[in-house]
Amino acid sequence: MKALAASARRRTGFHINTVGTIGAAIVLFWIVIAICAPLLVPYPVGKIVDFDFFGPMSQKFWLGTDYLGRDILSRILMGARYTVGIA
């Protein structure tokens with residue numbers, strides 16, 4: 100088994116790092132989310148969509164609402180866009 104892995108490393112010229120691959124997949128996931136955020140947000144970011152302040156998670160609001168009745172999921176998705184853009 101080790102000989103097979105060593106020969107594969109010799110052919111490709113590099114060793115696949117599992118932790119690095121997982122990290123790259125997570126970063127790629129957030130980049131895709133940041134690019135597609137305007138298409139994914141269910142409600143406008145600053146709009147008060149519910150008057151149930153601090154509303155719990157539900158089918159309508161997957162992560163609930165904040166103290167002003169704004170959708171948390173929309174705010175997280177658009178926040179990821181700004182964070183990835185700055186990074």
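Numbering (our numbering), first residue to last: 100 to 186.
Backbone N, C-alpha and C define an ideal beta-carbon position, used for all residues, glycine too.
For Ile-132, the enclosing alpha helix (DSSP H) covers residues 117–139. With fewer than 16 other CB atoms across the displayed protein chains lying within 10 angstroms of its CB, Ser-157 is exposed.
Under a 10 Å Cβ-count criterion, Phe-150 is classified as exposed, with fewer than 16 other Cβ atoms of the shown protein chains found around its own Cβ.
For the pair of segments examined, the stretch 119–127 was found not to touch the stretch 156–172: the number of CB pairs separated by less than 8 Å stays below three.
Looking at the backbone, the Cα of Pro-137 and that of Gly-178 are separated by about 11 Å.
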